[in-house]
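A short write-up of the structure that comes next.
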């Protein structure tokens, strides 16, 4: 058997693509969510971070032993910005994110509900992974990524930092409209 045969995809499997994730932000309330898809998104990255405490005992013979007591998380992504030609406002999901970064936004007003999920390339025949999804509350920060004078599309880089643990959810693409 050749190396290429050893490394071939198992039958029935498709290569995942880097763009196969979606993010929605809640522009409604916790009791009546209105999920707006973050459009023109790229560079999605979920970073779960274990919160640990020292659990070292004599049995570890001097080796470290950290017990995981919980999980923190953050999302990072970038968006190309679209503005209304008549009002100058951003798309609704971007307006909702920016609102959480204003100096007047304090406490829960500085937080937003967010969910993320596997969103495969439908043209490839792939189906969404029902367990590859999460939802939580996050604080928001952003920075302008394109600041040059070359006229490049406006691009914002976002970091959403989890407030508490996120919740594992069923991928909404497997439940909505199916």
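In the numbering used here, the protein residues as written are 7 to 184. Built from N, CA and C at the ideal position, the CB exists for glycine as well. Computed from a predicted structure; not experimentally measured.
{"Check": "Within the region 7-94, ranges of the alpha helix (DSSP H) (whole runs, at least 4 residues)", "Outcome": "9-12"}
{"Check": "Where residue 147 sits in the DSSP three-state scheme", "Outcome": "strand"}
{"Check": "Coarse secondary structure for residue 106, derived from DSSP in three states", "Outcome": "coil"}
{"Check": "Sub-9 Å separation of residue 32 and residue 106 beta-carbons", "Outcome": "no"}
{"Check": "Test: residue 99 CB closer than 9 Å to a CB of chain B", "Outcome": "Here there is only one protein chain, and chain B is not present."}
{"Check": "As assigned by DSSP and simplified to three states, the class of residue 97", "Outcome": "coil"}
{"Check": "With 16 other Cβ atoms within 10 Å as the buried cut-off, status of residue 27", "Outcome": "buried"}
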